[in-house]
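Peer 1: I am attaching a structure below and will ask some questions about it afterwards.
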Amino acid sequence: MIRLDGTKVAADLQAELTQTAAGLREQGIVPGLAVILVGNDPASKVYVGRKEKMAEKIGIKNFAYTLADDTTEQQLLELIDQLNQNDQVDGILVQLPLPDQIDEQKILQAIDPAKDVDSFHPENVGKLMQGLPGPKPCTPNGIMKLLAAYDIPIEGKHAVIIGRSNIVGKPMAHLLLEQNATVTITHSRTKNLAELTKQADIVVVAIGRPNYLTGEMIKDGAIVIDVGINRLEKKLVGDVDFENVAEKAGYLTPVPGGVGPMTIIMLMVNTIKACRLRRTP
Ligand code: NAD
41 MIRLDGTKVA ADLQAELTQT AAGLREQGIV PGLAVILVGN DPASKVYVGR
91 KEKMAEKIGI KNFAYTLADD TTEQQLLELI DQLNQNDQVD GILVQLPLPD
141 QIDEQKILQA IDPAKDVDSF HPENVGKLMQ GLPGPKPCTP NGIMKLLAAY
191 DIPIEGKHAV IIGRSNIVGK PMAHLLLEQN ATVTITHSRT KNLAELTKQA
241 DIVVVAIGRP NYLTGEMIKD GAIVIDVGIN RLEKKLVGDV DFENVAEKAG
291 YLTPVPGGVG PMTIIMLMVN TIKACRLRRT P
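Residue numbers for the sequence shown follow the working numbering, beginning at 41 and rising by one.
Here it is in structure tokens:
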């Protein structure tokens, strides 16, 4: 079994991006990323901290906003409006989930699609679906980059995705389809799910259930991508029963150190791209 080392691939991309950012700086352009955190969710705080730290390392200017738990929808919309108009800000990210009083869709739709570095705006989702150029969502695009870094061919492969969220499962299907995979999307209501995963050359698991995918559910040599992040008492585990699946899989992503670092670095890729598109001729 070959471990798909997201930490390493992300570090290589980080080095490239640092050079690109330095080049932009020489032209007097400093890429800017605004990260908005609303409330005190501990996991969200950790993710936001990692994103800000990575931006800083690369030479992207952080515009960090930590808002109170009782922030109103109107207040958040006003902040987004300001950031949409701020020329120094190339990317805007609102960390999800948001508190109940705020309509997530309204917020995502308020972000200027040209600054939508998470690629959750319906305009960018539509572009992805039609295969048009635009920012690609970070987690699934990070997975595609990881597969490419290990020269894993996608064309003609049967990919089975477990989970149909807007953030991972659905866009993952489009990116794999774009590269000519045959894609099956499964979810909580799928019957005989293991019958499908057993046929898969590539399995992507994104459901948030610790150690869900076992060796019995895959075929020999399968490429297994574990998106899940589950916090057990003192341990972080994925949706894949790692030890068990490792005995049978051809390739496997670890948790941590697989998809997570790729997600963060793809956010930086999208920010630098958005900056170039907006500010260079
Ligand atoms: P979500 O909660 O929005 O959706 C979960 C999906 O899983 C649903 O479509 C549901 O139908 C499906 N599902 C739930 N239980 C199932 C079961 N028993 N069998 C089959 N399908 C089932 O999830 P999400 O936002 O896509 O996140 C999924 C996991 O991935 C979470 O653990 C999350 O923390 C993690 N995640 C990691 C990264 C990363 O960068 N590594 C990024 C995003 C999400």
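Beta carbons: idealized from backbone N, C-alpha and C, even for Gly.
Tell me whether R316 sits in a helix, a strand or coil according to DSSP, three-state version.
Peer 2: helix
Peer 1: In whole angstroms, what is the alpha-carbon distance linking A83 and L136?
Peer 2: 10 Å
Peer 1: Go ahead and pull the three-state DSSP assignment for H198.
Peer 2: Strand, per DSSP.
Peer 1: Using 7 Å as the limit for Cβ to Cβ distance, is I225 near chain B?
Peer 2: Of the protein chains in the structure, only one exists, and it is not chain B.
Peer 1: Would you mind reading off the limits of the beta strand (DSSP E) that contains I242?
Peer 2: In the DSSP assignment, I242 falls within the unbroken beta strand (DSSP E) covering I242 to V245.
Peer 1: Of all the options L276, G268, A246 and V280, which has the alpha carbon lying nearest to the alpha carbon of M257?
Peer 2: V280
Peer 1: Could you name the residues of the same chain whose beta carbon sits closer than 7 Å to that of I225, not counting the 5 residues immediately before and after it, in chain order?
Peer 2: I201, R204, G209 and A213
Peer 1: Is any heavy atom of ligand 1 found at a distance shorter than 6 Å from the C-beta of N297?
Peer 2: It should be pointed out that residue 297 corresponds to Gly in this sequence rather than to Asn. No, ligand 1 has no heavy atom inside 6 Å of this Cβ.
Peer 1: If we count the other Cβ atoms within 10 Å of its Cβ and call it buried at 16 or more, is M94 buried or exposed?
Peer 2: buried
Peer 1: Give the DSSP bridge partners of T226, in chain order.
Peer 2: T226 is bridged by DSSP to I202.
Peer 1: If I'm right that I132 touches K167 with Cβ under 8 Å, what's the distance once you round it to whole angstroms?
Peer 2: The pair is not a contact, with the Cβ atoms about 17 Å apart (cut-off 8 Å).
Peer 1: In whole angstroms, what separates the C-alpha of L64 from that of V70?
Peer 2: 7 Å
Peer 1: Run through the segment 236-310 for me and flag every whole alpha helix (DSSP H) of 4 or more residues, listed as ranges in chain order.
Peer 2: 282-286
Peer 1: If I312 sits next to T60, beta carbons under 8 Å apart, how far is it from one beta carbon to the other, in whole angstroms?
Peer 2: 6 Å
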